[in-house]
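Working notes, beginning with the structure itself.
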Amino acid sequence: MIVKEKFDLLKGVDNILKLPSSKIKNMRIENGPRKVFVVLELMKSRINHYTKDGVFNFISNIKERKQLNIIVYPTYSLPVSFNKSTNEQLINLSPFGIDDVLSTKPGPQNLYALMVYSIVFSELITGKFKITDKYSSPISNYFVSILLRMFGKEYGLLGSFSSEINKLKFLTNLYILSSFFGMSNVKAYKRAAAAAAFEYRPVVDKLKKYDFKNINDFIASLSEIGVMPNLNKHQFTARILRQFGFN
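Okay, so the sequence shown: first residue is 14 according to this note's numbering, each after it adds one.
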(Lines of atoms letter the chains of each structure in order from A and count residues from 1; the text may use other names and numbers.)
(Lines give C-alpha, C1' and ligand atoms only; values in the text may rest on other atoms or scores of the structure.)
Protein backbone atom coordinates (compact mmCIF):
# COMPACT_ATOMS: atom_id res chain seq x y z
CA MET A 1 0.00 0.00 0.00
CA ILE A 2 1.26 3.46 -0.91
CA VAL A 3 1.25 5.98 1.95
CA LYS A 4 0.75 9.51 0.66
CA GLU A 5 3.51 11.99 1.49
CA LYS A 6 1.08 14.94 1.31
CA PHE A 7 -2.66 15.60 1.39
CA ASP A 8 -3.60 17.30 -1.87
CA LEU A 9 -7.04 18.34 -0.65
CA LEU A 10 -5.54 20.03 2.43
CA LYS A 11 -3.33 22.36 0.39
CA GLY A 12 -0.42 19.95 0.35
CA VAL A 13 -0.16 19.41 4.13
CA ASP A 14 2.61 16.89 4.85
CA ASN A 15 1.33 13.49 5.93
CA ILE A 16 4.86 12.34 6.80
CA LEU A 17 7.23 14.77 8.52
CA LYS A 18 11.01 15.16 8.34
CA LEU A 19 11.78 17.36 11.32
CA PRO A 20 15.12 17.66 13.15
CA SER A 21 15.19 16.15 16.62
CA SER A 22 15.84 19.61 18.10
CA LYS A 23 12.50 20.91 16.81
CA ILE A 24 10.61 17.92 18.18
CA LYS A 25 12.32 18.39 21.54
CA ASN A 26 11.09 21.98 21.70
CA MET A 27 7.48 20.92 20.99
CA ARG A 28 7.45 17.83 23.18
CA ILE A 29 5.22 17.56 26.26
CA GLU A 30 7.19 16.32 29.25
CA ASN A 31 6.16 12.78 30.21
CA GLY A 32 3.57 12.83 27.42
CA PRO A 33 3.56 9.06 26.72
CA ARG A 34 3.34 8.35 30.46
CA LYS A 35 0.30 10.63 30.72
CA VAL A 36 -1.36 8.85 27.81
CA PHE A 37 -0.70 5.51 29.52
CA VAL A 38 -2.26 6.70 32.79
CA VAL A 39 -5.44 7.96 31.08
CA LEU A 40 -5.86 4.80 28.99
CA GLU A 41 -5.11 2.47 31.90
CA LEU A 42 -8.09 3.94 33.77
CA MET A 43 -10.46 2.85 30.99
CA LYS A 44 -8.72 -0.39 30.05
CA SER A 45 -11.44 -2.65 31.44
CA ARG A 46 -14.08 -0.88 29.31
CA ILE A 47 -12.24 -1.29 26.00
CA ASN A 48 -13.46 -4.11 23.81
CA HIS A 49 -11.58 -3.82 20.52
CA TYR A 50 -9.25 -6.10 18.60
CA THR A 51 -6.46 -3.49 18.80
CA LYS A 52 -6.47 -3.47 22.61
CA ASP A 53 -3.54 -5.83 23.21
CA GLY A 54 -1.34 -4.08 20.67
CA VAL A 55 -2.04 -0.62 22.07
CA PHE A 56 -1.47 -1.58 25.70
CA ASN A 57 1.59 -3.71 24.95
CA PHE A 58 3.07 -0.61 23.34
CA ILE A 59 2.01 2.14 25.74
CA SER A 60 2.78 0.14 28.91
CA ASN A 61 6.31 -0.70 27.75
CA ILE A 62 8.67 2.12 28.73
CA LYS A 63 11.22 1.12 26.09
CA GLU A 64 8.62 0.86 23.31
CA ARG A 65 6.94 4.15 24.06
CA LYS A 66 10.22 6.02 23.66
CA GLN A 67 9.29 5.89 19.97
CA LEU A 68 6.29 8.14 20.74
CA ASN A 69 6.28 11.89 21.19
CA ILE A 70 3.26 13.89 22.35
CA ILE A 71 3.77 17.35 20.90
CA VAL A 72 2.14 20.75 20.49
CA TYR A 73 2.67 21.85 16.89
CA PRO A 74 0.30 24.79 16.26
CA THR A 75 1.12 25.24 12.56
CA TYR A 76 0.46 21.58 11.74
CA SER A 77 -3.19 20.69 11.19
CA LEU A 78 -3.03 16.89 11.58
CA PRO A 79 -3.29 15.05 14.92
CA VAL A 80 -0.93 12.19 13.99
CA SER A 81 2.20 11.87 11.89
CA PHE A 82 5.46 9.95 11.65
CA ASN A 83 8.81 11.72 11.68
CA LYS A 84 11.12 9.99 9.21
CA SER A 85 14.21 11.86 10.38
CA THR A 86 14.05 10.28 13.82
CA ASN A 87 11.77 7.26 13.18
CA GLU A 88 9.34 8.46 15.83
CA GLN A 89 5.58 8.55 16.15
CA LEU A 90 4.05 11.98 16.72
CA ILE A 91 0.70 12.78 18.31
CA ASN A 92 -0.10 16.47 17.96
CA LEU A 93 -2.49 18.04 20.49
CA SER A 94 -2.86 21.35 18.66
CA PRO A 95 -5.90 20.31 16.56
CA PHE A 96 -7.73 19.72 19.86
CA GLY A 97 -6.90 23.21 21.13
CA ILE A 98 -4.95 21.93 24.15
CA ASP A 99 -1.33 21.88 25.24
CA ASP A 100 -1.28 18.94 27.65
CA VAL A 101 -2.80 15.49 28.16
CA LEU A 102 -5.56 15.58 30.78
CA SER A 103 -8.09 12.99 31.90
CA THR A 104 -10.87 14.80 30.02
CA LYS A 105 -8.96 16.43 27.16
CA PRO A 106 -8.59 15.24 24.48
CA GLY A 107 -10.48 12.46 26.28
CA PRO A 108 -9.75 8.73 26.65
CA GLN A 109 -11.66 7.71 23.51
CA ASN A 110 -9.80 10.24 21.39
CA LEU A 111 -6.48 9.20 22.94
CA TYR A 112 -7.17 5.55 22.21
CA ALA A 113 -8.07 6.33 18.59
CA LEU A 114 -4.91 8.44 18.25
CA MET A 115 -2.79 5.58 19.58
CA VAL A 116 -4.30 3.09 17.13
CA TYR A 117 -3.77 5.55 14.28
CA SER A 118 -0.20 6.31 15.34
CA ILE A 119 0.89 2.68 15.76
CA VAL A 120 -0.65 1.47 12.50
CA PHE A 121 0.60 4.50 10.57
CA SER A 122 4.18 3.99 11.78
CA GLU A 123 4.07 0.29 10.90
CA LEU A 124 2.84 1.09 7.38
CA ILE A 125 5.63 3.60 6.82
CA THR A 126 8.41 1.43 8.22
CA GLY A 127 7.16 -1.63 6.33
CA LYS A 128 6.51 -3.63 9.50
CA PHE A 129 2.89 -3.98 8.40
CA LYS A 130 1.88 -4.36 4.75
CA ILE A 131 -1.52 -4.07 3.08
CA THR A 132 -1.64 -5.78 -0.31
CA ASP A 133 -4.08 -5.10 -3.15
CA LYS A 134 -6.23 -8.06 -2.10
CA TYR A 135 -7.69 -5.64 0.46
CA SER A 136 -8.58 -3.04 -2.17
CA SER A 137 -12.21 -4.16 -2.34
CA PRO A 138 -13.14 -3.59 1.34
CA ILE A 139 -11.28 -0.27 1.29
CA SER A 140 -13.22 0.76 -1.82
CA ASN A 141 -16.51 -0.42 -0.34
CA TYR A 142 -15.91 1.70 2.76
CA PHE A 143 -15.07 4.72 0.63
CA VAL A 144 -18.21 4.18 -1.48
CA SER A 145 -20.33 4.01 1.68
CA ILE A 146 -18.88 7.35 2.83
CA LEU A 147 -19.54 8.95 -0.56
CA LEU A 148 -23.13 7.69 -0.58
CA ARG A 149 -23.67 9.01 2.92
CA MET A 150 -22.35 12.44 1.96
CA PHE A 151 -23.65 12.83 -1.59
CA GLY A 152 -26.23 10.08 -2.20
CA LYS A 153 -29.37 12.11 -1.57
CA GLU A 154 -28.12 15.16 -3.44
CA TYR A 155 -27.22 13.20 -6.58
CA GLY A 156 -30.00 10.61 -6.47
CA LEU A 157 -27.70 7.71 -5.61
CA LEU A 158 -29.65 6.22 -2.72
CA GLY A 159 -32.07 4.08 -4.72
CA SER A 160 -30.90 0.49 -5.03
CA PHE A 161 -31.61 0.60 -8.76
CA SER A 162 -29.79 3.87 -9.48
CA SER A 163 -27.94 3.49 -12.77
CA GLU A 164 -24.99 5.47 -11.45
CA ILE A 165 -24.17 3.40 -8.36
CA ASN A 166 -22.13 0.80 -10.25
CA LYS A 167 -20.33 3.59 -12.06
CA LEU A 168 -19.52 5.17 -8.68
CA LYS A 169 -18.23 1.81 -7.42
CA PHE A 170 -16.11 1.39 -10.55
CA LEU A 171 -14.51 4.84 -10.36
CA THR A 172 -13.87 4.45 -6.63
CA ASN A 173 -12.26 1.03 -7.08
CA LEU A 174 -10.20 2.47 -9.92
CA TYR A 175 -8.97 5.32 -7.70
CA ILE A 176 -8.11 2.98 -4.80
CA LEU A 177 -6.27 0.49 -7.03
CA SER A 178 -4.32 3.23 -8.82
CA SER A 179 -3.60 5.61 -5.96
CA PHE A 180 -3.21 3.26 -3.00
CA PHE A 181 -1.69 0.27 -4.77
CA GLY A 182 0.01 1.76 -7.86
CA MET A 183 -1.84 -0.47 -10.32
CA SER A 184 -1.48 0.40 -14.03
CA ASN A 185 -4.46 1.65 -16.06
CA VAL A 186 -5.50 -1.44 -18.04
CA LYS A 187 -5.07 -3.83 -15.10
CA ALA A 188 -6.84 -1.38 -12.80
CA TYR A 189 -9.72 -0.93 -15.27
CA LYS A 190 -10.33 -4.68 -15.38
CA ARG A 191 -10.04 -5.19 -11.61
CA ALA A 192 -12.32 -2.24 -10.88
CA ALA A 193 -14.86 -3.34 -13.48
CA ALA A 194 -15.02 -6.85 -12.00
CA ALA A 195 -15.42 -5.50 -8.46
CA ALA A 196 -18.20 -3.10 -9.49
CA ALA A 197 -19.98 -5.24 -12.11
CA PHE A 198 -19.55 -2.35 -14.53
CA GLU A 199 -18.87 -2.37 -18.29
CA TYR A 200 -16.15 0.25 -18.65
CA ARG A 201 -15.37 -0.01 -22.38
CA PRO A 202 -18.00 2.56 -23.49
CA VAL A 203 -16.26 5.20 -21.32
CA VAL A 204 -12.64 4.07 -21.76
CA ASP A 205 -11.73 7.12 -23.88
CA LYS A 206 -12.97 9.42 -21.11
CA LEU A 207 -11.06 7.44 -18.49
CA LYS A 208 -7.77 7.96 -20.32
CA LYS A 209 -7.80 11.69 -19.58
CA TYR A 210 -7.60 11.14 -15.82
CA ASP A 211 -4.68 10.24 -13.59
CA PHE A 212 -6.43 8.11 -10.99
CA LYS A 213 -3.40 8.26 -8.73
CA ASN A 214 -4.50 11.84 -8.00
CA ILE A 215 -7.61 12.50 -5.93
CA ASN A 216 -8.30 15.73 -7.82
CA ASP A 217 -8.67 13.73 -11.04
CA PHE A 218 -10.88 11.21 -9.24
CA ILE A 219 -13.20 14.02 -8.14
CA ALA A 220 -13.19 15.44 -11.68
CA SER A 221 -14.13 12.01 -13.06
CA LEU A 222 -17.11 11.76 -10.69
CA SER A 223 -18.35 15.08 -12.05
CA GLU A 224 -17.52 14.76 -15.75
CA ILE A 225 -18.52 11.10 -16.22
CA GLY A 226 -21.90 11.91 -14.71
CA VAL A 227 -21.98 10.32 -11.27
CA MET A 228 -21.98 13.65 -9.42
CA PRO A 229 -22.39 16.41 -12.04
CA ASN A 230 -20.68 19.74 -11.26
CA LEU A 231 -18.96 18.44 -8.13
CA ASN A 232 -15.64 20.21 -7.52
CA LYS A 233 -12.78 19.58 -5.11
CA HIS A 234 -13.75 22.48 -2.82
CA GLN A 235 -17.26 21.07 -2.30
CA PHE A 236 -15.81 17.58 -1.88
CA THR A 237 -13.25 18.71 0.72
CA ALA A 238 -15.77 20.77 2.69
CA ARG A 239 -18.18 17.84 2.84
CA ILE A 240 -15.45 15.40 3.93
CA LEU A 241 -14.33 17.73 6.73
CA ARG A 242 -17.92 18.21 7.87
CA GLN A 243 -18.58 14.47 7.76
CA PHE A 244 -15.70 13.78 10.14
CA GLY A 245 -16.41 16.70 12.46
CA PHE A 246 -13.79 19.21 11.33
CA ASN A 247 -16.08 22.23 10.95
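Where is the CB? At the ideal position from N, CA and C, for every residue including glycine.
Taken through DSSP and simplified to helix, strand or coil, Phe71 comes out as helix. In this structure Leu184 is in contact with Leu235, their Cβ atoms being roughly 6 Å apart against a cut-off of 8 Å. The beta carbon of Pro121 sits closer than 8 Å to those of Val52, Leu53, Leu55 and Met56, all from its chain and outside the five residues before and after it, given in chain order. When the beta-carbon positions are compared, Ile189 and Ile144 stay at least 8 Å from each other. Rounded to whole angstroms, the separation of the alpha carbons of Asn70 and Val85 is 25 Å. Beta-carbon to beta-carbon, Glu177 and Gly239 are separated by about 7 Å, close enough to satisfy the 8 Å threshold. DSSP places Leu115 within a strand segment (E or B) once states are collapsed to three. For Glu237, the enclosing alpha helix (DSSP H) stretches over residues Ile228 to Glu237. Of the residues Glu18, Ala205 and Val199, the one whose Cα lies closest to the Cα of Tyr148 is Ala205. Contact check between the region 90–102 and the region 15–35: three or more CB pairs, one atom from each, fall below 8 Å, which counts as touching. C-alpha of Asp146 to C-alpha of Pro87: approximately 36 Å in a straight line.
Note: Asp27 is bridge-paired with Lys19 in the DSSP secondary-structure output. Across the set Asn44, Lys65 and Leu23, the C-alpha of Lys65 shows the shortest separation from the C-alpha of Tyr125.
A residue is called buried when at least 16 other Cβ atoms come within 10 angstroms of its Cβ; Ser131 meets this threshold and is buried. Between Val49 and Val114, the gap from beta carbon to beta carbon is short of 8 Å.
Residue range Lys246 to Gln256 is occupied by the alpha helix (DSSP H) that includes Phe249. C-alpha of Gly45 to C-alpha of Leu106: approximately 11 Å in a straight line. Beta-bridge annotation (DSSP): Asn82 is paired with Leu103. If the five residues before and after Leu127 are omitted, its C-beta is found closer than 7 Å to the C-beta atoms of Pro92, Val93 and Ile104, all from its own chain and listed in chain order. From the listed residues Leu187, Phe257 and Ser116, the smallest Cα separation to Glu212 is found for Leu187.
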